Amino acid sequence: MKISFLAMLFGLTFCSFSVWANSPLGTGFHDNASVNMVDTRCNMSLGAQTIDYGSKTRWELKSSSNTPSSLTPGKRTLMLSVICPYSQPIQFFLSGAGTAEGQLRYGDKGSLRLTIRDAKVDNNSVQLAISAQNGIITGQPQPLLMLKSDSGFSPTENGQAIKGKVFNAMLDIEPEIKEYDTKVTSPQINETSFTVTLVNL
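Residue numbers are given in the numbering used here: position 133 of the sequence shown equals residue 1393, and the series is strictly consecutive.
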């Protein structure tokens, strides 16, 4: 599953991005890693193919509630869903260009805040945590998890990735740009992409 974002900054700010999902799923934690895919009959999807913020002036952007002195065109929410033919451990990997703070990069200077929440496995509410390549949970389980670039995450119970057939969660997506970086005098394009992979443990 790959998601792309595009914002064009002039004196006006145009913020839009496209979303598309590919199933069966991607491969691997690293470019040089060999990781088996889950059963190709598993289906992973997002709730939309395209999210378009339309055309906005700099003054129509909102102050970010998360990052001081940053502006955002707003938050969008998608549903991440996985359906498999039989019960198996569920683990994801998020890959994409990152910032020094570990967030996904948005253009040259911005960042993309990505959080996942309200997760359910087989219709049971579960917590989420950062996980290692071998499926071991390395982060503190929590109901809302901020995702980092090039890291794994899983629904978790008792320190392990939960097994199940059906996974659903809400994915909050919010581009952020420092206020002074929205003051431009010539056309600029800011874009990024990331891939979410369902991996086999």
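Positions of the beta carbon are idealized from the N, C-alpha and C atoms, including for glycine.
Computed from a prediction, not measured in an experiment: that's the story for all the values here.
Item, Value
"Cutoff 8 angstroms; reference glycine 1358; Cβ partners in own chain excluding five residues on either side", "Leu1364, Arg1365, Lys1408, Ser1409, Asp1410"
"At least 3 beta-carbon pairs within less than 8 angstroms: the stretch 1411-1431 vs the stretch 1376-1386", "yes"
"Reference serine 1324, options Leu1388, Ile1343, Leu1372, closest by Cα", "Leu1372"
"C-alpha gap between cysteine 1344 and serine 1329, whole angstroms", "43 angstroms"
"Cβ pair leucine 1340, leucine 1306 closer than 8 angstroms", "yes"
"Spatially closest choice to isoleucine 1396 from Pro1415, Thr1332, Gly1419, by CA coordinates", "Gly1419"
"Closest Cα partner of aspartate 1432 within the set Thr1375, Leu1388, Arg1301", "Thr1375"
"For leucine 1458 and proline 1415, believed in contact at Cβ under 8 angstroms, the rounded distance", "About 12 angstroms; that fails the 8 angstroms criterion."
"Within the stretch 1310-1381, ranges of the beta strand (DSSP E) (whole runs, at least 3 residues)", "1310-1317, 1330-1332, 1336-1349, 1352-1356, 1364-1366, 1370-1381"
"Close Cβ partners of serine 1391 (< 7 angstroms) along its chain, the five nearest in sequence each way excluded", "Gln1351, Ile1397, Thr1398, Gly1412, Phe1413, Ser1414, Ala1421"
"Whole-angstrom distance between valine 1342 and lysine 1369, CA atom to CA atom", "33 angstroms"
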